[in-house]
Every structure is written in C-alpha cells, then in structure tokens.
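Okay, so here's the structure we're looking at.
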Amino acid sequence: MRAGYSTITTPSALSGFLVGKSRQCSQRQISSRRNVCFPSSGTRKACCTTRVNATTYFNQLASLALVLREKRPRLSAVHLLHDNARPHVAKATQAKLQELSWDTVSHPPYSPDIAPSDYHLFRPLKLFLKEKRFAKYEDLKMAVFDFFDTQSERWLVGLFQ
18 MRAGYSTITT
28 PSALSGFLVG
38 KSRQCSQRQI
48 SSRRNVCFPS
58 SGTRKACCTT
68 RVNATTYFNQ
78 LASLALVLRE
88 KRPRLSAVHL
98 LHDNARPHVA
108 KATQAKLQEL
118 SWDTVSHPPY
128 SPDIAPSDYH
138 LFRPLKLFLK
148 EKRFAKYEDL
158 KMAVFDFFDT
168 QSERWLVGLF
178 Q
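According to the working numbering, the sequence shown holds residues 18 to 178 in order.
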C-alpha cells in the first residue's frame, strides 16, 4: 500500500481481490490492492484511490463495521491488519477500534518487509502457478479461482498467525 492510499473492504470472494475485471490498471490501483479484509469465508475489495487521512480511515472502519454487522451477524471476532501509517495510529482510529472491540494484528514499525499476511497468501499462489502457461487472461483468472477454491478455511485462518 502506498502511504496515504487505502481501500474500502467488503466481505466476498478472495479471488475477486486478486483478479480484477480489467486487465489494465494504473500503478496507483495496483498498489491500493494491498489493503484487504479477510473474513474466514473470503474477501473482496472495492478500489478507492482518494488520499486517506484519519477522518477518512475512521469513516471507512465505521462503514466496514456496518457491512460486517449486516452480512455476518454471527461474526464473533474481527482481526484487523494494518501498518503504522498515521491514519491507522491516530487517536480517533484507536478509539474507534476499541469501541468496535476489534483485534489489531501488529505490524513492526518502519518494516521494510511486505505485510506478514503476504508471505502466507502469495507464496502458495506462486507455487500453484509455477511453470503453468496461460494463452488467455480468462485461463489465468480461472486458475486463480481454482487455487482459492482448493484452500481450506484453516488456510485462511493461518493469515493471522
């Protein structure tokens, strides 16, 4: 995620996050795809490339909480992974997270590494796609869908450990 850019996330299929409808994306759209919410049944992100400050992020969390309450009323816990960008560590954001009783998965400050979940998410996908060739974009898209369809719920839970 580029500093200052975020996305609003809503629950749905994880494969929709990785394979978008359009094959052509700007660098900003590609980098904004790294902010994502993982309920155990999958995820989907909605692209939003406006600059995010603490107020915008606060409102995104409130919107996400409403969607989760509506679509997943029996959801017992939410684990939120975000980096240490200013909007994420602002007092208003921290107060909202406490109000929602959401657990935050810590990310090391000033970490040059990719998000911890990326190791668990992208390495298996890379190994799954290794040495495969695709003549058409639709073939690649179906292979990614197949990968996520074969993953267990335990694999998704592993993103937070």
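Idealized CB from N, CA, C, for every residue including glycine.
Query	Result
Contact check, residue 75 vs residue 113, beta carbons under 8 Å	yes
Rounded straight-line distance, which links the Cα of residue 168 to that of residue 121	24 Å
Residue 165 classed as buried or exposed, judged by whether at least 16 other C-beta atoms fall within 10 angstroms	buried
Extent of the continuous beta strand (DSSP E) to which residue 97 belongs	96-98
Sheet register partners of residue 89 (DSSP bridge)	Answer by DSSP bridge pairing: none, since residue 89 is not bridged.
Distance between residue 143 and residue 119 (C-alpha atoms, nearest Å)	31 Å
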